[in-house]
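Student:
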Amino acid sequence: MDTLTKEQRDILLDYYFECADQQETDIAKELLETHKGAVEFYNKLHHSLSALDHLDHETHASCPDHLVEKTLERLYLHHTETVESGWLEKLLRAESEKIVTRRPSFWRNFAQAAAIAAGIFIIASLFIPVTRQMRAQAWKTACQANLSKIALGLTQYADEHNGFLPAVATKAGNPWWKVGSTGQENQSNTRHLWVLAKLDYLQPNVFICPGYSKGKIIVKLDRSQIANLADFPDRRYITYSFKLICEPNKAVRSDSRVPIMADANPIFETRLKNPNYQASTQFEPIKLSGKLLTINSINHRRAGQNVMFSDGTAKFLTERLFDQNDDIFTVRDLDTYRGTETPSEEKDIFLVP
Amino acid sequence: MKPVGNTKNHKSNVNEQELLHRYAAGDKEAFREIVKQYKDPLYAFLRRFLNQQQLVEEAFQETFLQLYKSRKTFEKDRPIRPWLFTIAANKARDVLRKQQRQETVSIGSMAEPAELSIDDVVNSLKSYEITPYDEAEKAERAEKVRKIIAEMPENLREILILAYFEQFSYKQMADILSIPIGTVKSRLHTAIVFFTKKWKSTSDDGNF
């Protein structure tokens with residue numbers, strides 16, 4: 000088959016999908032008349048994709064009438080409810096504006112309230128530890144699901160970008176801690192991940208660990224806000240730590256199984272949670288204490304952290320060590336951090352901020 | 000030449016502009032007319048995308064309900080079809096996510112990396128002769144295609160369906176999915192590679 004250039008192939012694809020402009024259409028037609036390879040490519044493409052037509056076998060049926068009727072019923076119900084709720088709101092407003100003249104006995108009310116409070120207290124003391132535990136477990140599972148989705152987004156991005164992970168322009172020694180900075184310079188390691196939200200590979204809410212937010216829902220970002228931002232708005236919107244990317248051209252998907260993302264790094268968490276840090280230009284150095292060397296992420300009550308590996312799996316680890324000796328939250332042999340550290344070798348995993 | 004399924008310039012029997020104005024004003028009959036006009040293409044899109052009757056019906060109803068609720072914000076000079084499919088794509092994703100939340104969390108369900116280019120994949124096909132099949136073969140092939148489509152990552156599946164069956168332009172797909180045109184193209188290429196690879200391996204297994 001005569002070789003086609005990438006450009007010629009793209010033109011043929013555009014033409015096939017009827018997305019070519021007039022000029023491209025002319026080129027495609029000429030190629031199909033004169034270029035043997037183009038004809039071969041086009042026919043094989045058509046042969047392969049025409050298999051999709053089988054999808055309509057047995058499913059070419061038109062929309063069933065019952066579905067149309069059900070849809071219209073729901074629609075009319077919604078219409079009626081909207082009208083009725085307008086009336087209901089008016090009635091309720093009128094009712095709430097009425098003056099209440101009868102006042103019940105204070106002691107009767109007090110006794111009733113005390114009895115109810117005591118009941119609630121007894122039930123709560125029995126069930127709160129259990130429900131708290133169940134809730135923590137549910138958040139842990141939901142967090143793993145988030146990491147799984149992020150892994151899928153990363154894979155898809157890499158597939159579409161020659162195996163490269165999302166990465167903005169940065170270099171070794173640049174600050175990586177300024178989450179939410181709005182400047183031109185890329186000084187936050189989270190900007191790489193923001194690319195996934197910006198290009199619609201992932202919904203921004205998957206970057207929030209429910210264990211960190213304690214299940215609270217923060218303000219949802221709409222598409223125009225996402226399009227205008229260069230990074231997650233602040234720490235509350237990205238509560239995971241990501242593999243430090245120092246050079247975009249080295250941000251390739253790893254062949255071996257290594258951690259690439261985890262629940263928030265516990266060493267820098269106190270600093271990043273402080274609302275004043277975002278405006279600050281300086282990162283006050285952090286010296287590792289015995290405690291900082293051993294505590295787990297805050298996301299799951301310090302019980303451990305969910306870690307996502309480069310093969311897409313996510314696992315809850317009760318320790319910070321990978322391969323028995325590499326702490327995923329620190330740079331090897333370094334005890335003071337200034338927010339610009341870079342591991343000297345690729346094998347030294349450092350998930351930040 | 001690629002067979003043409005749904006035409007790009009959808010012609011309605013009723014004057015669409017007039018219909019849209021009546022619909023924006025809350026006229027239920029105008030809305031019924033819109034449902035009548037678009038029910039089949041929408042139903043076909045959802046069938047291909049979701050492949051589960053219950054999900055299809057849910058997304059179908061939610062799409063039209065949303066269309067009705069948002070009638071006041073709709074720009075009446077714009078064609079309705081891309082807008083309807085924007086809503087439908089979102090609703091289809093919503094029902095899929097809802098279903099995934101209800102099912103066990105599957106850790107590590109990664110999209111298979113596209114290791115080959117379109118050229119490699121297309122060139123690896125042995126033949127492009129299209130032969131007639133009997134009904135049993137057709138049904139078998141339909142099942143296999145449906146399985147491959149179901150295994151595709153959500154955003155590859157939707158772009159392939161929008162491009163191949165609905166024949167939207169790159170610009171329209173970019174608007175519907177809120178992504179840049181460059182991403183539409185690269186994602187569509189990935190989807191073609193994904194489908195072709197899987198179809199080829201299925202065909203080899205089944206001696207198609």
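Chains as they are written, first to last, in numbering that gives the first Met the number 0: chain A, 0 to 352; chain B, 0 to 207.
The C-beta atom is built at its ideal place from N, Cα and C for all residues, glycine as well.
These numbers come from a predicted model, not from an experiment.
According to DSSP, what are the bridge partners of A/Ser-240?
Tutor: Looking at the DSSP assignment, A/Ser-240 forms a beta bridge with A/Ala-261.
Student: Tell me where the alpha helix (DSSP H) around B/Ala-29 begins and ends.
Tutor: Its alpha helix (DSSP H) spans residues 27-49.
Student: Name the chain B residues whose beta carbon is nearer than 8 Å to that of A/Ser-61?
Tutor: Those within 8 Å of A/Ser-61 in chain B are Lys-38, Asp-39, Tyr-42.
Student: Report the residue ranges of all alpha helix (DSSP H) runs contained in full by the region 135-212 of chain A; include only those spanning at least 4 residues, in chain order.
Tutor: Runs found: 190-197, 209-212.
Student: What residue from B/Leu-64, B/Ile-86, B/Lys-71 has the CA that sits closest to A/His-77's CA?
Tutor: Ranking the options by Cα distance to A/His-77, first place goes to B/Leu-64.
Student: For the region 128-184 of chain B, list the alpha helix (DSSP H) runs that are entirely contained and at least 4 residues long, ordered along the chain.
Tutor: List check, alpha helix (DSSP H) in window: 134-150, 153-163, 169-176.
Student: Is the CB-CB distance between A/Leu-243 and B/Tyr-163 below 8 Å?
Tutor: Not closer than 8 Å, so no.
Student: Do B/Phe-84 and B/Phe-44 count as a contact pair if the criterion is CB distance below 8 Å?
Tutor: In this structure, B/Phe-84 lies closer than 8 Å to B/Phe-44 by Cβ.
Student: Taking only beta-carbon positions, decide if A/Thr-70 is within less than 8 Å of chain B.
Tutor: With 8 Å as the cut-off, A/Thr-70 counts as an interface residue toward chain B.
Student: Mark B/Ile-79 as exposed unless 16 or more other C-beta atoms lie within 10 angstroms of its C-beta, in which case mark it buried.
Tutor: Counting Cβ neighbours within 10 Å, B/Ile-79 comes out buried, since at least 16 surround it.
Student: Between A/Ile-217 and the rest of its own chain, which residues show a CB-CB distance below 6 Å, the 5 nearest in sequence each way excluded?
Tutor: Arg-235.
Student: Answer yes or no: does any C-beta atom of chain B fall closer than 8 Å to that of A/Tyr-239?
Tutor: Judged by the 8 Å Cβ criterion, A/Tyr-239 is not in contact with chain B.
Student: With distances taken Cα to Cα, identify the nearest neighbour of A/Lys-215 among A/Thr-70, A/Trp-138, A/Ala-313, A/Ile-294.
Tutor: Nearest of A/Thr-70, A/Trp-138, A/Ala-313, A/Ile-294 to A/Lys-215, Cα basis: A/Trp-138.
Student: Residues in the same chain with beta-carbon distance under 7 Å from A/Arg-252, minus the five sequence neighbours each way, listed in chain order, please.
Tutor: So the qualifying residues of the chain are Ala-157, Gly-162, Leu-164, Ser-309.
Student: List the whole-angstrom C-beta distance separating B/Phe-30 from A/Leu-66, where the pair is believed to meet the contact cut-off of C-beta under 8 Å.
Tutor: Wrong, their Cβ atoms sit about 16 Å apart, outside the cutoff.
Student: What did DSSP end up calling A/Ala-37 once you bin it into helix, strand or coil?
Tutor: It is helical.
Student: Short check: CB of A/Thr-339 to CB of A/Asn-173, under 8 Å?
Tutor: Result yes, Cβ atoms of A/Thr-339 and A/Asn-173 sit closer than 8 Å.
Student: Answer with yes or no whether the minimum CB distance from B/Pro-112 to chain A is below 8 Å.
Tutor: Caution is warranted here: a pLDDT of 41 is assigned to B/Pro-112, below 50, making its placement in the model unreliable, and no coordinate value can be reported.
Student: For B/Leu-72, which residues in chain A fall below 7 Å Cβ to Cβ?
Tutor: For the sequence presented, residue 72 of chain B should be read as Thr rather than Leu. In chain order: nothing, as chain A lies at least about 13 Å away.
Student: Please report the distance separating the alpha-carbon of A/Thr-269 from that of B/Glu-32.
Tutor: Cα to Cα, the separation comes out at about 59 Å.
Student: What residues in the region 145-177 of chain B have a beta carbon less than 8 Å from any beta carbon of chain A?
Tutor: Per Cβ criterion, the list reads Arg-145, Ile-148, Pro-152, Asn-154, Leu-155, Leu-159, Ala-162, Tyr-163, Phe-164, Gln-166, Ser-168, Tyr-169, Leu-176, Ser-177.
Student: Whole-angstrom Cβ separation of A/Leu-146 and A/Met-307, contact assumed at under 8 Å?
Tutor: The pair is a contact, with the Cβ atoms about 4 Å apart (cut-off 8 Å).
Student: Have a look at A/Ala-50 and B/Glu-150 and give me their C-alpha separation to the nearest angstrom.
Tutor: Roughly 16 Å between the two C-alpha positions.
Student: Under 8 Å by Cβ, that's how I've got A/Gln-155 and B/Pro-81 pegged, so tell me the actual separation to the nearest angstrom.
Tutor: Between B/Pro-81 and A/Gln-155 the Cβ distance is about 24 Å, and since that is not below 8 Å, they are no contact.
Student: Considering only DSSP beta bridges, list what A/Leu-350 is partnered with.
Tutor: Partner(s): A/Lys-242.
Student: Please work out which residues of its chain come closer than 6 Å, Cβ to Cβ, to A/Glu-23, disregarding the five sequence neighbours upstream and downstream, and give them in chain order.
Tutor: Within the same chain, A/Glu-23 has close Cβ partners Ile-10, Asp-13.
Student: In terms of DSSP beta bridges, what is A/Asp-20 paired with?
Tutor: Partner(s): none; A/Asp-20 has no beta bridge.
Student: In the DSSP output, what is A/Met-133 paired with across the bridge?
Tutor: A/Met-133 is not bridged to any residue.
Student: Between the beta-carbon of B/Ser-185 and the beta-carbon of A/Glu-159, is there less than 8 Å?
Tutor: Yes, the pair counts as a contact, with Cβ atoms nearer than the cut-off.
Student: Helix or strand or just coil, what does DSSP make of A/His-285?
Tutor: Contrary to the premise, residue 285 of chain A reads as Ile rather than His in this sequence. Three-state result, A/Ile-285: strand.
Student: Between which two residues does the beta strand (DSSP E) holding A/Asn-305 run?
Tutor: From DSSP, the beta strand (DSSP E) with A/Asn-305 extends over 304-308.
Student: Which chain A residues sit within Cβ distance under 9 Å of B/Ser-69?
Tutor: None at all; the shortest Cβ gap to chain A is about 12 Å.
Student: Looking at the structure shown, is A/Asp-326 part of a helix, part of a strand, or coil, going by DSSP?
Tutor: DSSP places A/Asp-326 in strand when its eight states are reduced to three.
Student: Based on the DSSP output, what are the partners of A/Thr-335 in its beta bridges?
Tutor: A/Lys-286, per the DSSP bridge assignment.
Student: Is it right to say A/Gly-182 is buried, meaning 16 or more other beta carbons lie within 10 angstroms of its own, or is it exposed?
Tutor: Exposed, since its Cβ has fewer than 16 Cβ neighbours within 10 Å.
Student: Measuring CB to CB, does A/Asp-334 end up less than 8 Å from A/Lys-290?
Tutor: Taking 8 Å as the Cβ cut-off, A/Asp-334 and A/Lys-290 do not qualify as a contacting pair.
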